[in-house]
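*Asks:*
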Amino acid sequence: MNKLLLFGTGCKSLDFKSILDNQKAEIIAYIDNDPSLHGQHICDKKIISPSEICNYIYDYIVIVSRKYSDISAQLENLGIDSEKIIGPYLDCNEILHKHSMVVNKLVTKSVDLVSTNMQKLDRERLISIPANEDYVRISSLEKLSQEIYENYVLGNVAELGVYRGDFAKYINQLFHDRKLYLFDTFEGFNKADIKVEQQMKFSNSETNDFQNTSIDIVVSKMKYPEMCRIMQGYFPDTAISLEDQFAYVSIDADLYSPTYAGLQYFYPRMAKHGYIFVHDYGNSRFKGAKVAVKQYCSENNINYFPLTDICGTAVIMK
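Reminder that position 186 of the sequence shown reads as 189 in our numbering, one-by-one numbering, no gaps.
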């Protein structure tokens, strides 16, 4: 049995945990650089600081973060053997093969360790996309924003399912002159939605998933925070008073019920030639997102395009 320390407490750690083979490996603790998280727990496993690693006996430290290079360098500076540092989400082509051999011995399904490089474009960059980010999804958003402005599509923008604001920050930057509505509980999943997931066997999600966020964390990442409108609470209750039209909406609610509710609410309010991105359409961890898209689009005779980004995105145009 391999004993693992997971460096990172965000959504990537949950993704990795969902495919971990419990017969081959176990997580004994989580590591994070954020002092405010130290001493807290994720599913009864303690979150520790990097300085506490020496108190644990482990086989591998798995970096479940997009900042692989920075964290691996940090660990090596602490005197940790580089052979014990692995990661399924890499930003360095030279180590892909080595890591795939180790990581795929620990999980129930093989992990495709691919570093995306698509830099030749027919347009000038509006934003900087780090090599370890979801290039296809972010670059598609960038191109789409240009189309919206070139075609004079009216309306504000929104995201349902914000988590820590890592995608919302690009929406805010690209639509800098439009209000950005950010819908999230900022407290994890809703119990009623989790019950549906369990009954329909869409996912093994829990209410404490994605709790490690806050409004302050999200707002701190925004280039134009004055354009953000925080809509905290259970959706669609938080949208009842709105009368806005939308040019672009990101639905990244993971689960079936909020994804379907998001389509019900936003699609009728989209401007002509506006776009909706529904994330996790191709995610094997959250099967309900795809079901929600197919159901709503079938009921309303709507076409969509499946984008081949990380976890998959269904692109709907009004």
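Note that the Cβ used here is the ideal one computed from N, Cα and C, for glycine as well.
Are the beta-carbon atoms of Y59 and L23 separated by less than 8 angstroms?
*Replies:* For the 8 angstroms CB-CB criterion, Y59 and L23 do not form a contact.
*Asks:* How is the alpha helix (DSSP H) around M203 delimited, first residue to last?
*Replies:* K194 to M203
*Asks:* For D35, collect the residues of the same chain with a Cβ closer than 6 angstroms to its Cβ; drop the 5 residues on either side in sequence, then sort them by chain order.
*Replies:* Short of 6 angstroms from the beta carbon of D35, and not among the five residues preceding or following it, lie these beta carbons of its own chain, in chain order: T12 and I50.
*Asks:* Among residues of its own chain, excluding the 5 on either side of K87, which ones have a beta-carbon nearer than 8 angstroms to its beta-carbon?
*Replies:* Y61, D62, Y63 and I64
*Asks:* Suppose the cutoff is 7 angstroms on Cβ atoms and the five residues either side in sequence are ignored; what does the same chain contact list for K275 look like?
*Replies:* K321
*Asks:* Just the Cα atoms here: how many angstroms apart are G90 and I66?
*Replies:* Roughly 5 angstroms separates the two Cα atoms.
*Asks:* Tell me the rounded alpha-carbon separation between S54 and R69.
*Replies:* 21 angstroms
*Asks:* Would you identify the three-state DSSP class for I132, choosing helix, strand or coil?
*Replies:* coil
*Asks:* Within the continuous alpha helix (DSSP H) that includes F19, where are the two ends?
*Replies:* C14 to I22
*Asks:* I need the straight-line Cα distance from V199 to I174, nearest angstrom please.
*Replies:* 30 angstroms
*Asks:* Of all the options G82, K297, G191 and S72, which has the alpha carbon lying nearest to the alpha carbon of Q214?
*Replies:* G191
*Asks:* Kindly indicate the opening and closing residues of the alpha helix (DSSP H) around A295.
*Replies:* Segment K290 to E302, the alpha helix (DSSP H) holding A295.
*Asks:* Around the C-beta of K108, are 16 or more other C-beta atoms found within 10 angstroms, so that it is buried, or is it exposed?
*Replies:* exposed
*Asks:* Report the three-state DSSP secondary structure of D187 (helix, strand or coil).
*Replies:* strand
*Asks:* Secondary structure at K48, three-state DSSP: helix, strand or coil?
*Replies:* strand
*Asks:* Nearest to M203 by alpha carbon, out of P228, G291 and C314?
*Replies:* G291
*Asks:* Between the region 216-229 and the region 250-258, are three or more C-beta pairs nearer than 8 angstroms?
*Replies:* no
*Asks:* Can you give me the Cβ contacts of I85 inside the same chain, cut-off strictly under 6 angstroms, excluding the 5 residues immediately before and after it?
*Replies:* Contrary to the premise, residue 85 reads as Ser rather than Ile in this sequence. For S85, where only same-chain residues beyond five positions count, the Cβ hits under 6 angstroms are E79.
*Asks:* Taking only three categories from DSSP, how would you classify Q77?
*Replies:* Assigned with DSSP and collapsed to three states, Q77 falls in helix.
*Asks:* What do you reckon, are the CB atoms on I30 and K20 nearer than 8 angstroms?
*Replies:* yes
*Asks:* Note down, in chain order, each residue of its chain lying with its Cβ closer than 7 angstroms to the Cβ of E136, except the 5 sequence neighbours on either side.
*Replies:* R69
*Asks:* I need the DSSP call for K146, collapsed to helix, strand or coil.
*Replies:* For K146, the three-state secondary structure derived from DSSP is helix.
*Asks:* Helix, strand or coil for F249, going by three-state DSSP, please let me know.
*Replies:* strand
*Asks:* Give me whichever residues DSSP pairs with P309 in a beta bridge.
*Replies:* A317
*Asks:* Report the rounded CA-to-CA distance for F10 versus L17, giving the unit in angstroms.
*Replies:* 12 angstroms
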